[in-house]
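Numbering (this note's numbering), first residue to last: 1 to 411. Built from N, CA and C at the ideal position, the CB exists for glycine as well. In this text the structure is predicted, and so the values were computed from the model without any measurement. A short worksheet on the structure shown next.
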């Protein structure tokens with residue numbers, strides 16, 4: 001069906017990524033110290049964790065290219081504030097933007113405060129549903145019925161509105177909020193709480209395609225769009241037919257990603273604090289990949305490996321997309337003392353995630369670790385307020401929605 005809903009034309013390229021979900025597995029015993037008190041002048045920039053299981057020889061995980069991980073930060077207390085970085089002595093690791101927290105860690109276009117790079121606000125959002133995307137040229141975000149964008153650095157241009165969804169007469173405005181978007185070659189695919197729709201890149205009317213449930217995950221495929229509706233994963237073919245992929249009742253799919261070989265998603269029980277989630281894949285047929293994934297929250301992929309977070313155990317796991325049921329997922333990272341993990345993102349070298357501060361649930365710490373599971377877990381940014389999204393494109397920056405702000409954070 002075609003609706004006559006007005007849309008401001010938007011001629012841009014890229015993929016708009018909604019907030020994704022994740023998974024986890026085997027319990028791995030570990031006793032270690034948590035993050036130090038955030039009130040200190042030099043909050044720790046790293047968290048000691050056990051070494052990851054992948055080392056390049058682990059058949060369950062493709063760690064190519066081989067990585068060695070991040071070195072520990074030395075800006076952990078006032079006694080280690082100054083360091084020798086190359087030929088420079090007495091380098092202040094708490095304030096030097098070219099050696100922030102550790103030698104040779106530069107804050108691109110930002111200040112170094114307390115050993116961490118300061119975020120830069122690039123936009124704002126309301127209290128509505130949000131989405132976030134980077135396509136190499138622009139950063140896009142939605143709030144309610146509006147999509148805005150800013151160009152990526154080195155441009156410092158301010159936000160511009162590129163899309164406005166006009167709520168049709170007789171519709172519930174709450175149901176018409178934009179909850180997810182992806183971009184195909186010629187059009188944008190848009191999720192509200194009740195419909196899947198599209199609009200041509202060069203402008204035109206809003207086209208309702210199919211009614212959907214309120215869960216937002218979508219993944220673009222070569223000839224179709226995979227999406228979640230209630231407990232089901234479905235596929236809308238660009239020729240116009242909708243086909244079921246999987247019914248995961250009583251579980252609910254929490255996120256979808258497209259790898260080089262197929263479609264992956266995680267499921268989680270509807271009840272809070274319950275485990276038993278799963279990792280599934282469709283590569284010409286649905287298969288169960290991980291039968292006990294804890295309580296997944298987010299999922300991400302680098303095209304070859306799949307990564308997920310387990311909110312029950314506070315860990316992030318990885319598994320080669322070619323893995324089979326029974327393969328042991330690799331423990332990529334955990335942060336003792338900060339068990340509740342949420343949004344997840346991956347680039348060519350690292351996995352990034354938010355870990356909620358148990359002392360103040362309104363805040364989270366933005367952490368990272370080399371995706372091969374080696375080296376230190378480092379704090380990219382402490383004390384992030386109310387994170388609602390995270391994306392990590394290749395390049396020097398992360399982008400996130402925190403509270404009512406859209407921010408750019410140097411990696």
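The DSSP-derived three-state label of residue 174 is helix. For residue 305, the pairing in a beta bridge is given by DSSP as 320. Among the bridge pairs identified by DSSP, residue 300 is matched with 307.
Within the same chain, 190, 206, 207, 208 and 209 come within 7 angstroms of residue 197 by CB-CB distance, once the 5 residues on both sides are set aside.
Per DSSP, residue 125 lies in no beta strand (DSSP E) and is assigned neither H nor E.
Rounded to whole angstroms, the Cβ separation of residue 116 and residue 296 is 29 angstroms, and the two are not in contact under 8 angstroms. From the listed residues 167, 355 and 405, the smallest Cα separation to residue 310 is found for 355. Exclusion of the five residues before and after residue 126 leaves 143 and 144 as the residues of its chain whose Cβ lies within less than 6 angstroms of its Cβ. Scanning 93, 315 and 181 for the CA closest to the CA of residue 217 turns up 181.
A residue is called buried when at least 16 other Cβ atoms come within 10 angstroms of its Cβ; residue 160 does not meet this threshold and is exposed. Going by DSSP, residue 237 is part of the beta strand (DSSP E) stretching over 232-237.
Sorting 394, 395 and 335 by C-alpha distance to the C-alpha of residue 367 places 335 at the top. Closest option to residue 387, judged by alpha-carbon separation, among 131, 147 and 238: 131.
Secondary structure of residue 334 (DSSP, three-state): strand. In this structure residue 385 is exposed. Its beta-carbon is surrounded by fewer than 16 other beta-carbon atoms within 10 angstroms.
Note on geometry: alpha-carbon atoms of residue 140 and residue 134 lie some 6 angstroms from one another. The three-state secondary structure of residue 160, taken from DSSP, is strand.
As DSSP reads the structure, residue 151 sits in a beta bridge with 138. The beta carbons of residue 90 and residue 103 sit no closer together than 9 angstroms. Sequence-distant Cβ neighbours of residue 177 in its own chain, meaning closer than 8 angstroms and more than five residues away, are 128, 129, 144, 145, 192 and 193.
When the alpha-carbon of residue 283 is set against those of 269, 259 and 301, the nearest one is in 259.
Shown here for residue 123: same chain residues with a beta carbon closer than 7 angstroms to its own, the five before and five after excluded, namely 141, 148, 150, 159 and 406 in chain order.
Cβ-Cβ separation between residue 164 and residue 173: approximately 13 angstroms, too far for a contact (criterion under 8 angstroms).
With a cutoff of 9 angstroms on beta-carbon distance, residue 241 and residue 262 are scored as not near each other. In this structure, the beta-carbon distance from residue 286 to residue 319 does not fall below 9 angstroms.
Contact between residue 300 and residue 345 holds: their C-beta atoms lie close to 6 angstroms from each other, under 8 angstroms. Residue pairing for residue 99: DSSP places it in no beta bridge. Residue 107 holds the alpha-carbon nearest to the alpha-carbon of residue 398 among 88, 188 and 107. Counting only residues of its own chain and dropping the five nearest sequence neighbours on each side, residue 267 has a CB closer than 6 angstroms to the CB of 248, 251, 253, 277 and 278. In this structure, DSSP gives residue 383 an extended state, which the three-state scheme calls strand. By the criterion of a C-beta distance shorter than 6 angstroms, residue 306 is surrounded in its chain by 264, 319 and 321, once the five residues flanking it on both sides are discounted.
Residue 179 counts as buried, since at least 16 other C-beta atoms from the protein chains shown sit within 10 angstroms of its C-beta. Annotation for residue 229: 212 and 213 place their beta carbon closer than 6 angstroms to its own, counting only its chain and skipping 5 residues before and after.
Taking C-beta atoms under 8 angstroms as the contact rule, residue 317 and residue 329 qualify, at a distance of about 4 angstroms.
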